[in-house]
Amino acid sequence: MAKLLVEFVIEVSDFIEKTCISIVSDHCVVFPQFLSTFKIAVETVMNKMKSELLKWVKELIEMEELTPYTCDSSYNTTADNLRLANQECLLSVLDENMENVNLCGLGMVDITYLHNVEDEAMHEDSILFGSSSNTFLMKKAVALDLDDELTKEFNNGGIGKILEEPASTAEMRNHLSKSIYDLENANFSLSATSLSL
273 MAKLLVEFVI EVSDFIEKTC ISIVSDHCVV FPQFLSTFKI AVETVMNKMK SELLKWVKEL
333 IEMEELTPYT CDSSYNTTAD NLRLANQECL LSVLDENMEN VNLCGLGMVD ITYLHNVEDE
393 AMHEDSILFG SSSNTFLMKK AVALDLDDEL TKEFNNGGIG KILEEPASTA EMRNHLSKSI
453 YDLENANFSL SATSLSL
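For what it's worth, the numbering used here labels the leading residue of the sequence shown as 273, then goes sequentially.
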């Protein structure tokens with residue numbers, strides 16, 4: 273289970289990073305000078321977020337494996353009751369003749385749509401918890417951290433890179449300036465010739 277959760281976090285983080293880079297690349301088509309700065313910022317934020325999330329997941333897994341929950345005397349009783357209720361609920365879901373199950377606090381719940389779900393999927397609570405935590409951290413990374421990282425990149429020479437004129441543009445500008453100068457001289461020569469006639 274622990275290995276599955278770590279692999280899940282890595283896969284989702286890699287997917288989010290690729291998606292962000294793809295989005296940044298699409299938006300930088302008009303301004304290619306922004307692309308390298310944006311890519312560096314995205315990679316930095318995503319690597320930071322991935323390492324924080326992996327650290328948190330590993331700590332969570334270690335805590336669940338090592339912590340004896342004996343501090344609270346009622347914990348074991350409550351946990352046993354919840355496990356028993358969970359087992360009864362799973363048995364009800366797996367029994368295709370059952371249409372409803374009575375859940376404490378919720379009452380009768382329709383479970384017919386769960387009959388085709390494999391029983392392993394019922395045990396993946398950690399994956400669900402990990403994915404919701406992952407979603408929160410990804411949103412935070414993209415919304416806040418990426419903005420901070422882009423600001424930092426631009427302040428650390430990013431603006432200078434953007435303002436640097438590519439050689440091809442400089443060459444085209446020089447060629448255009450020369451053409452304008454030649455046209456002005458040709459126009460002056462033509463007007464001087466027509467005046468002399």
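Cβ coordinates follow ideal geometry from the N, Cα and C atoms, glycine included.
One Cα belongs to T309, the other to S364, and the distance between them is close to 55 Å. With 16 or more other Cβ atoms inside 10 Å of its own Cβ, I288 counts as buried. Per DSSP, the unbroken beta strand (DSSP E) holding L375 starts and ends at 372 to 375. Within the DSSP bridge table, the entry for M380 names N374 as partners. Each residue's CA atom was taken as its position, placing L354 and N348 some 10 Å apart. Taking 8 Å as the cut-off, the beta carbon of V329 is found closer than this to the beta carbon of V281.
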